[in-house]
Amino acid sequence: MKKTDASFRIILRVLSFVVFFSLTYISASSYAQYLTGPVASGLGGAGRAAVDEGELILLNPAAVVHATAFSSAIFYEDGYLDKNTHDRATGVNLVDNSEGLFISGGYTYINRRRTFDQIATREENYHQVSLGKFVAKHFSVGAAITYLDSNIIGGRSFDQLDYSLAVHYNPDPDTGFGLVVYNLAAHNKNIQAEILNRNVISLGVHYMYMPQFRFRFDLSKQTEENPDKKFRYQMGLESHVSKFLTTRIGYDSNNLADRRAYTLGLCFDGPRLKADYFYSKNIDYNGGAMHGVDLRLPFW
Numbered sequence: 000m001k002k003t004d005a006s007f008r009i010i011l012r013v014l015s016f017v018v019f020f021s022l023t024y025i026s027a028s029s030y031a032q033y034l035t036g037p038v039a040s041g042l043g044g045a046g047r048a049a050v051d052e053g054e055l056i057l058l059n060p061a062a063v064v065h066a067t068a069f070s071s072a073i074f075y076e077d078g079y080l081d082k083n084t085h086d087r088a089t090g091v092n093l094v095d096n097s098e099g100l101f102i103s104g105g106y107t108y109i110n111r112r113r114t115f116d117q118i119a120t121r122e123e124n125y126h127q128v129s130l131g132k133f134v135a136k137h138f139s140v141g142a143a144i145t146y147l148d149s150n151i152i153g154g155r156s157f158d159q160l161d162y163s164l165a166v167h168y169n170p171d172p173d174t175g176f177g178l179v180v181y182n183l184a185a186h187n188k189n190i191q192a193e194i195l196n197r198n199v200i201s202l203g204v205h206y207m208y209m210p211q212f213r214f215r216f217d218l219s220k221q222t223e224e225n226p227d228k229k230f231r232y233q234m235g236l237e238s239h240v241s242k243f244l245t246t247r248i249g250y251d252s253n254n255l256a257d258r259r260a261y262t263l264g265l266c267f268d269g270p271r272l273k274a275d276y277f278y279s280k281n282i283d284y285n286g287g288a289m290h291g292v293d294l295r296l297p298f299w
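Quick note on numbering that gives the first Met the number 0: the sequence shown kicks off at 0 and runs consecutively.
Structure, rendered in structure tokens:
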């Protein structure tokens, strides 16, 4: 009983810490998480409460404690999510959750090129170091330190050093909850608005119904430059149709950006090599779509 009470007090303290920071920096920090990766992208971008290998730290650094001993992933995305806006990204994830580590961690690098109709092309290099640790049974906390270098072709370059805080709770194997507060650092106000990181709070839930079906739902809110207090809803359903094949479907409604998209995904879940594909289509734009693939290796 004493052990249970102690664990409960730890959880309350951590939750209070995260909420305190989110309220304190509500006007301090136009990104939340920089990229979601092909797994979450096939599920509407949802995944703050999930535990997917390779890309889980992109959405919630506290989830790194659920990774295998050592895993790696490479991914590529290309296409048009908005009219006259082309986006191409290549990235790599390395995650270490080996037994005996005091704290689990991961590193992400992404190279991204964005081409627009009205403004100059941007070249971006993104680095993220993620750390996570169990502080009680089924309950972990995490933090991510990020560095974004944005180079406007023919213009200036901007760099942003930032950090995010997160918690992850799995009371049982079928259920998960996540809370992430992105981009808490104060920034140079001279940075262009379309590049500037924004403070965003995201809540997520993950539920598995039998071994075949997994459901995700995330709710996010940008806490500044959002006078109408608009939310972003992301949800997805994953179905294991065979031993090695998984299908995904999702929906992303970003009310602040006035963007809605449906998503589809496939996964080959082999005994060693795992591969994912996603397709994302903006409902309000009749042009192209986003596509992405990755390869995941749970070993070197």
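A virtual CB, placed ideally from N, CA and C, is assigned to each residue, including glycine. Computed from a prediction, not measured in an experiment: that's the story for all the values here.
Query                                                                                                                                               : Result
Measure from the alpha carbon of P60 to the alpha carbon of each residue in T120, Y168, K82, then state which is nearest.                           : Y168
Should Y208 be labelled buried (16 or more other beta-carbon atoms within 10 Å of its own) or exposed?                                              : exposed
Quick one: grab the DSSP three-state call for P210.                                                                                                 : coil
Just to confirm, are T246 and G43 a CB contact at a threshold of 8 Å?                                                                               : no
Taking 8 Å as the threshold, find out whether the segment 141 to 156 comes into contact with the segment 126 to 133 through three or more Cβ pairs. : yes
Give me the DSSP bridge partner(s) of D81.                                                                                                          : T84
Pick helix, strand or coil for L58, following the three-state DSSP scheme.                                                                          : helix
By DSSP, does A165 sit in helix, in strand, or in coil?                                                                                             : strand
Hey, out of L58, I200, F101, whose CA is closest to N225's CA?                                                                                      : I200
By DSSP, does H137 sit in helix, in strand, or in coil?                                                                                             : coil
By Cβ distance, which residues of its chain are closer than 7 Å to G153, with the 5 residues on each side in sequence left out?                     : A119
Considering only the beta carbon of each residue, do I282 and A256 sit closer than 8 Å?                                                             : no
Is G269 near F230, with beta carbons less than 8 Å apart?                                                                                           : no
Going by C-alpha to C-alpha distance, which of F267, I194, K132, D227 sits closest to N254?                                                         : D227
Taking the alpha helix (DSSP H) that V38 belongs to, which residues open and close that run?                                                        : 37 to 40
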